[in-house]
Structure formats: structure tokens, C-alpha cells
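I have placed the structure first, in the form of C-alpha cells, so that the comments after it can refer back to it.
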Amino acid sequence: MVGAGSFLLVPLFLSLVASTNSALSSGIATNIATDHLALLFFKSLIRLDPSQALVSWGNNSIPLCQWRGVTCGSRGSRRGRVTELELENLSLAGAISSSVANLTFLRRLHLPGNNLQGKIPRELAALSNLESIVLFQNMLEGEIPHELGSMHNLKVLNVSYNKLTGSIPTSLGNLANLEILYIAHNDLTGEIPTEIGNLVKLSKFSLSTNQLRGSVPISLGNLSSLTVLILHTNNLTGSIPPLQNLSFLTVLALGTNDLTGCIPSQLGNLTSLVILDLRANYLTGSIPESLGNLNILESLSLPFNNFTGSIPNSIGNLLFLKTLDLDNNELEGPLPPALFNLSYLELFTVQGNNYLNGSFPPDNGNRLPHLEKFLIDYNQFHGPIPTFLCNSSMLQMFEAAQNLLTGTIPSCLGTHLKRLSSLVLAKNQIQATQDADWGFLASLANCSDLQLLDLSYNRLEGNQIYGEIPGSLGACQSLQYLNASHNNLEGTIPLSLEQMKGLLVVDLSHNNLSGNIPEFFAKMRGLSIFNISFNNFKGQVPEDGIFSNASSTTIIANDGLCGGVPQLKLPPCTTHTTKRPYFRLIVAVSVGSTCLFVICLMLIFFHWNKKKKDNHQTSTISEHHVRVSYAELSSATDSFSSGNLIGTGSFGSVFKGKIMIEELQVTVAVKVLNLQQHGASQSFAAECETLRCVRHRNLVKILTVCSSVDLRGIDFKALVFEFLPNGNLERWLHQSVEEDGEYKVLDLVKRLDISIDVASALEYLHQHKPLPIIHCDIKPSNILLNDDMVAHVGDFGLARFYHEDSNDTSEKSSAWARMRGTIGYAAPEYGLGNEVSILGDVYSYGILLLEMFTGRRPTDSKFGDELSLHKYVQMALPERVINIADQQLLSNDGDGQGISNSVKVGDARIVCITSVLQIGIACSNDNPTDRLQIRDALKELQAIRDKFGVSVQG
Ligand SMILES: *[C@@H]1O[C@H](CO)[C@@H](O)[C@H](O)[C@H]1NC(C)=O
Ligand SMILES: *[C@@H]1O[C@H](CO)[C@@H](O)[C@H](O)[C@H]1NC(C)=O
Ligand SMILES: *[C@@H]1O[C@H](CO)[C@@H](O)[C@H](O)[C@H]1NC(C)=O
Ligand SMILES: *[C@@H]1O[C@H](CO)[C@@H](O)[C@H](O)[C@H]1NC(C)=O
Ligand SMILES: *[C@@H]1O[C@H](CO)[C@@H](O)[C@H](O)[C@H]1NC(C)=O
């Protein structure tokens, strides 16, 4: 009875749907078979599916509702029908099939982060149940179909980051239930339809980065549910509408348009605002006092406009303000004193075309504790340099060029500001203190971040700085730009400048400096501008480096100079003797003063001497240093002959050699740093610093170091390691290794042992106290093998200590600091500029595992852009491991010749390799937080060895 009843009902239902759903041109679509067909159509237009996400689609033994990304309804007429389609970040390429429109019960269409091309199907409009269309980050083209305006249930339309063109359909104003409308980062033209103002439920709205013209519709002021309004980077004109009813608005971004007129004082009624960005428009008038009512505002960005008048006092009420950017306006008058009580302020900038004046308030001990940037260039501020900045321990940039500042540079800036990277006080009236001419510089206690120092056009005076090396100055090794021109400096160039090996620009012109031009400038490879004109320098001009290029060197108006390259047209030097004593001085400096290096030595030899405590005491430091001289290493390696070259790395070459250590002749590996390679010095320091702190059976041992000058007087740095006779893992995996005429292969057990060795080393480094050590460059060529084939992790040239406090910007300054390992092995997040982390090492280790057991490099061209070693292995796991495993591991005679046909799926070796590859996959997850901890990887590998160790013995 029941059966007959439903039998009768079905056709009735069908015809009902047919009549109500007349928009469906394709006819009646009411059953599960239609959904099935529609999904198969969808799949048929997907050209590329690199992760095989759609492999379950169409497999008859898998019910449709269990296909990947498909969700079905469970009740009523929705039962068994597709209600959600969600395929996110899968790199699917192809078009979106209009057959999706046959999924009558679809509520969510969610396909972001793919490479979908073609148009948004207009047929979607027929899906009256559809609530959410999310297609951002694809390559969709064409216009937004105006038909979408009929989707009365639509709540979310997000098609940002595509290539959509045309104008925004006015019909979208009919989407009465729309809550989110994102069409940012496309190529839309035309105007913003006034009809958008009808969307009373709209909460988030972004059209940023298009080419929209016309004005911001006044009707947007009706969108009383709006929390986010982002229209920046378009070509909008006209004035800003009052918008005073948007009482929930937290973000208002109208920057980088062509807006004119004043800021409506009604914006002060938007008391939920957290971010107000009106930068780069043509706005005029004064900044309204009413903005002081925005009492939870964190960011106020009004730069590059034409605001006039003074900064309203009320801005001092914005107690949560972090960013105050008023650059490049026409503001005048003093800064409101209350600004200096904004205790969360991080960025304060008023530089550019402003006419602000007044002096700074006295130090009350507790102002602006979070300040990172204080930029006031090109104004008319006067009085002393504000000492309250010394309490802003986060300060990175203090730039105040072209003001009327007087007095001296407070030495507390040097002693307190450990993150300072830029100090610009050019074109003021700064004077030197009487006692120390480079007094401020001498006070720089920890200036390792300082990159830019511009003190030009002041009244700095000086006398007799000859020979006096402000010892701490050597710490400023990041300095790239030094300008102290147009002052009254006297005396000679401080020799300590030699340590600033990263210098790019040196301008000391228009002073009264005298003495010789130090030769070390010729060795600074990066130096591209050198100006010492209008001084009293004398003696020989060097000919190398920067001095070989007459157009980068300005030395005019120094009476006593001679020699140099002919283009400088100087008279020849009469005697040659001035050079020698000076040269010796440089050697002394370079050998004696690199404090990091000395500490490094002390600690190394502290370890070294432990065994022989009785007869060697601390006095041996310099003896040891002298003993491993350039000459000794040169003779040990047969003048670094190519016959002894055993490898080249990121920062230098490694030679095999024999030296006497403790009365024994020892074979060693000598790593000679190529100091011309940018970052090599830091790499040397890093390796030194790391290796002095570590001891582990699976880490290479450092025996000694050498820092000296070579025969040409050029800096020479080398590290001496124990020699590991079996070379590196890269050679064993990818090159034929022959010994005694026998072809050698690393068998499964050896590979397992090596992976455990490397994991043990990494675990040790990551557990290191007080700070974990990150290797940053785990790869086969950095894994070395001793005669027992025990693996040792080497090359710590990129290693660094991990500071929990990841705001630490000291890392970011140099090329070395930006290096994050080797392509193929470096974690994907490093490519996005993320800080190094132990999880980055885990990623590299995971790739290493995959490489060791598949025999394929991550950089194999086979993988191309779409695929990676990780995906390649993942797709094969677990059934097809037999196809991707390194075939050398499956041969029965262990000689790697020919593959045994007898390998079965159940073979212990396959099971073992599968387990290892699974660990490799878990370690090399794209998402750092999904990666295995190295400790767990190690435990699992040990368990695998225990389980399979004997049964897989080749
Ligand atoms: C279909 O799915 C089943 C169950 O997951 C699987 O065993 C089978 O290999 C699949 N068939 C194809 C052709 O992929
Ligand atoms: C929708 O389904 C009908 C009936 O199965 C079919 O004829 C039509 O081609 C489908 N429409 C699309 C766009 O695939
Ligand atoms: C929008 O402004 C940009 C920059 O001024 C300009 O290059 C572009 O051509 C403008 N687009 C339109 C449609 O006016
Ligand atoms: C805006 O704020 C002012 C006070 O600042 C108030 O008088 C006015 O009524 C407010 N307007 C609206 C529309 O809320
Ligand atoms: C606005 O400022 C810019 C640059 O500061 C200037 O070129 C322009 O003439 C000014 N416009 C008005 C209307 O003052």
C-alpha cells in the first residue's frame, strides 16, 4: 500500500518541480542519477588533478555521497542529494561545468584555491537553494553573470583573486540575504552600483584592487550591518559619504583612490572602527577632531593627502592606537603632547611634506614603550633629540632628516636601542660632545642591526680619532650606508670601520679628515659609492676594489693624495714605504679584534684542552691560533690544489689535507670560506658559534679554525673538520660508488641506520639548551659518512639559534640571514619569508627520507610545477610503493643490478619502506603544524629497525 502510494506520488512530484523550476532550461532534474551525472560532467572538465582528489568520483564501489568533497543531505527530499561541493586548495585546473546547475539541492559551492579557468556558469542562478558561492583564488574570467542577482538565498559570494572583468551587475542589489560580497583583486571596471545599498544584511564588502571609477555611493551609508568596507586601490573619485549609520563598522579602507574633499566629521560616529585607511587620495581640509571619538581605533593611516592645519589634540585620546601615519601632507603646528602617552604606538610617521614644529617633551621615563618606528624627516622640529626614545627598547628606525634639532646624540640611544637599524639625523644642527668625537658610535653597545647611519650636514666636530678604535663599533657589522659628510670631523678614519664589511656607501666628504685612505675599503666587495672629497687626506690611493672604478670614487680636493688608477689623474707617489707599517696594523686588527671569533676560539680550545688540562692552560689560545696558520693550511692542502678539492658548498670549498695536531698527523677536511661571497662571514660566524656549542656522535667535529690573511693580504677564514672518508650521502644515493672494482650500494638497513643517525643529530640540535639550534640546510650532500658508514651532519653555515621571540629582526638584515637552505629541501613557509624554525628542519628531513628510499631527488624534473616528491610518494602510498621505491633496494643480490621479479607486495622490505615513507610524508607536510616532531620520527624509525632489521638484511 505504502509502496504503491509513493509510486504514484513520484511523477506528481516531478511535474511539480518541473513547473516551479522553469529556469532550468535543461529540464527536470530531480533524482540521484542526475546528481551523479552532473558530478561526472564536472569531473570531465577538470583537466588536471595533481593530487588525484577526484579519484573516488565515478568509482562504482564508492557511493556518490562518499566521493571526496561531496556532502549529501540526510533528511526529507534532500536525503541522498548533493548539498555541498567542497574542493579547496587542490590545484584543480579546468573549467567549472554548468552541470553543477543540475545539483538541485546544492547549498554550498566551495572551490577556492584551484586553477579553475573560464567563466562563472550563469546556470548557477537556477540553484535556488544555493547559499554560498566561494571561488576565490582561481583564474576565472569574463563578467559576473547578472543572473546571479536572482539567487534569493545567497548569503556568501566570494570571487576575489580571479581575472573577472566588466562591471558589477546592478542585479546584485537584489540579493536581499547577502552577508558577504568579496570581489577584490579582479579587473572590474565601471562604477559601484547604488543598488548595493539595498543589501541590508551585508556585513563584509570588499572591492579592493580593481579599476572601479565613479564615486562611493551614498547609499552604502544604509548598510547598517556592515562591519568591513574595503574599496582601496581603485579609481574612485568624489568625496567620502558620511556613513554615520555604520555603527558596527570595524574596517574602513578607501585608500589609493582619487577621492577629494574633506573627511566628513561624521566618521567620528563610527565608534567600532579599528582600522581607518584613507591613504593616497587628494583629501583636503583639516583632520576632524571627531576622529578622537574612535576610541578603539588601532590604525589611522592618512598619508599622501593634502591635509592642512594641525594634528588635533583629540588624537591623543586614541589609547589603543598602534599606527599613526600622517606622512606627506601639509600639516603644521606642534605635536599634541598627549600623543606621547599612547602606550601601544608602534609606528609614528609624519615625514614628508609637512610643516610640523615644536620641540619634544622631556623624558618622563615611560613613553611609547612599543615604538618601532619614529619618522619625522622634513619638518621643522627643534630642540634636543628626544631622549624618551631611549625607553622605546623596540625602536628600529629613528629618522629625522632636515629638521632643526640641536645638541648631541644622546649616548643612551646607543646603549639602550638594541634593534636600531636606521638612524638618520642628516641636515640638523647636531654637535659632537667634547670628549668623544664618535662618542655616540662608541656607545653603540649592540648595534648588530644598524644598517643605515646618516649624520651628514650637521656640526659634528672632532679631533684626533687616530688609532682610537671604539671597540664596540666592530659590532656594527650590518652597516651598509654611512654618511657623515658635511661636518667638521678631523683626524683619521677609524680603523674599526674595517669590520663593517657590508658597507655599500661611504660618504665622509666635506670634513677636515686627514691621514691615509685605509686599504681595507678596497676589500669591501659591496662598496659602490666612496666619497672622501674635500678633506685633507694624503698618501697613496689604493687601486683595487672600489678604487679601480674612478666613477664610483670621489676623492677630489684632497691635496696630498697620489697614485691610484690613472683615471683619477693623481700624481705618482714618490716613495712606497708608507704602505707597509700600515698594512701590518690592518693585519693586527683583523686577527685580533673579531670578538665573536675570539670567543669561538676560546670555547673550542676550552673543549680541546679538557683532555690535556695539566700542561695547557688558557694561555694556549693564541698559540693554537698561531699554529694553524694560513701557511700551514696551505701546505697541508698542497696550496689548496684542485686534486685535494673534495667539495664546494654554499660559502666556500672543502679540501682534504694533513696537519699535525697534538703531535699526530691527522687527515682533515679544510673548509675555506669564500669571503667574496656575500654572507660568508656570517656563515663562518654561525658555523663557529654553532659547532663550539655542540657535541654529538652524529655531528661532524670541528678541530680548529683559522682566521688570518693570505699571501695577498686578503682575509682568509677556514674551518678544519675531522675527515670522513666515505664522503657524503648524495654521492652514495645518486652516483656510482666503486670500491676495489666493486659497485657499492647502500642497502636498506644502512639507509635505515643513516636516517636514524640524522634524526638523532637533529633531535639533539632541536633539544639544545638554552636555545634550540636550527640547521637550516639538511640535504644529502651535508650528510657525511665515516669508515663505518655512521652518518654525521655537517655544514652548519646556515645554522642559527632559535629565539622564541620571533619578532627578532636582527635576522632579517643580511643576505645570509635571508638564506633558508636549498631548493627542494627548504620548507615551503620559508619561501613566504617566515622565520626559520625547527619544523623547517623537520620538513627537510622528511624530504631527505623520501629521497633516500625512492632514489629520487626533490628537484627531479619529472615532478614539474604541479607535482612534488611529497605528492608523488603520497599518491603511491600504500599500494604502489613497489613502483616508487628505489629499485636498488629491491634487488635480491644487493648489487643493484637488475630487479628481482620475486618482490611481492607482502615482502618485508616493501612493508618496511612503506613505513619509512609514511614518516617522510608526515615530516614533509606543507603545513608546519601538521608535521611530525623529530623526536617522534626518531622513535618510529627505531621501532621499524627493531621490527625489520633482520628480515630485510640484503
Ligand atoms: C574503487 O574503490 C575501491 C574501494 O576503495 C577500490 O578498492 C578500487 O580499487 C577502486 N577502483 C578503482 C578503479 O579505482
Ligand atoms: C542536466 O540534467 C539533464 C537531465 O539529466 C541533462 O539533460 C542536462 O544535460 C543536464 N544539464 C547540464 C548542464 O549538464
Ligand atoms: C586607474 O588608475 C590607474 C592608476 O592611476 C590607471 O593606470 C588606470 O588606467 C586607471 N583605470 C581606469 C579604468 O581608469
Ligand atoms: C554623531 O555623533 C555626534 C556627537 O559626536 C552626535 O551629536 C550625533 O547625533 C551623531 N550622529 C549620529 C547619526 O549618530
Ligand atoms: C596636493 O598635494 C600634492 C603633493 O603634495 C600636490 O602636488 C597637489 O597640488 C596638492 N593638491 C591640492 C589640491 O592642494
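Under mature numbering (1 follows the signal peptide of the UniProt record, and there is no 0), the letters of the sequence shown match residues -22 to -1, 1 to 932, in that order.
Think of the CB as a built atom: it goes at the ideal place given N, C-alpha and C, for glycine as much as any other residue.
- When 461, 492, 464 and 499 are compared, the shortest CA-CA separation from residue 474 is found for 499.
- The residue from 393, 337, 433 and 386 with its alpha-carbon nearest to that of residue 377 is 433.
- Here residue 649 is buried. Its C-beta has 16 or more other C-beta atoms within 10 Å.
- Residue nearest to residue 113 within the set 846, 105 and 97 is 97 (criterion: CA-CA distance).
- Residue environment: residue 26 is assigned as exposed (fewer than 16 neighbouring CB atoms within 10 Å of its CB, all protein chains considered).
- Nearest to residue 345 by alpha-carbon distance, out of 365, 720 and 197, is 365.
- Counting along the chain, residue 853 sits inside the alpha helix (DSSP H) bounded by residues 847 to 854.
- For ligand 3, residues qualifying as neighbours are 189 and 213, where qualification means a beta carbon closer than 5 Å to at least one of its heavy atoms (chain order).
- Assigned with DSSP and collapsed to three states, residue 461 falls in strand.
- Residue pairing of residue 380 in beta bridges, as defined by DSSP: absent, with no partner found.
- Contact between the stretch 77 to 90 and the stretch 35 to 44 is not established, with fewer than three Cβ pairs separated by less than 8 Å.
- Partner residues in the beta bridge of residue 358, as assigned by DSSP, are 335.
- The beta-carbon separation of residue 436 and residue 407, rounded to 7 Å, stays under the 8 Å limit for a contact.
- Look at the beta carbons and you see the stretch 12 to 25 not touching the stretch 843 to 863: under three pairs across the two are nearer than 8 Å.
- Collapsing the DSSP output to three states places residue 312 in a strand.
- Taking the Cα positions, residue 899 is about 7 Å away from residue 852.
- Ligand 1 has no heavy atom closer than 7 Å to the beta-carbon of residue 756.
- Annotated three-state conformation of residue 768 is coil, per DSSP.
- The criterion of a C-beta distance shorter than 8 Å is satisfied by residue 915 and residue 897.
- Under the DSSP definition of a beta bridge, residue 700 partners with 646.
- Every residue with a CB closer than 6 Å to a heavy atom of ligand 1 is listed here in chain order: 37, 39 and 40.
- Per the coordinates, the alpha-carbon of residue 321 lies some 38 Å from the alpha-carbon of residue 753.
- Three or more beta-carbon pairs separated by less than 8 Å are not found between the stretch 694 to 701 and the stretch 818 to 831, which leaves the two stretches without contact.
- Counting C-beta atoms within 10 angstroms of its own C-beta, residue 518 has 16 or more neighbours from the protein chains shown and is therefore classed as buried.
- Taken through DSSP and simplified to helix, strand or coil, residue 907 comes out as helix.
- Per DSSP, residue 819 has no beta-bridge partner at all.
- Here DSSP, grouped into helix, strand and coil, assigns residue 736 to helix.
- Counting along the chain, residue 518 sits inside the beta strand (DSSP E) bounded by residues 514 to 519.
- For the pair residue 137 and residue 77, the Cα-to-Cα distance works out to about 19 Å.
- CA-CA distance, residue 298 to residue 488, rounds to 46 Å.
- Take the alpha-carbon of residue 398 and the one of residue 374: they are about 4 Å apart.
- Between residue 471 and residue 491, the CB-CB gap stays under 8 Å.
- For residue 921, the number of other beta carbons within 10 angstroms of its own is below 16, and it is reported as exposed.
- Setting aside the 5 residues that flank it on each side, residue 859 is surrounded in the same chain by 888, 891, 892 and 895, each with a C-beta closer than 8 Å to its C-beta; the list follows chain order.
- For residue 230 against residue 207, the beta-carbon gap comes to about 5 Å, under 8 Å, which counts as contact.
- The C-alpha of residue 674 lies about 38 Å from the C-alpha of residue 857.
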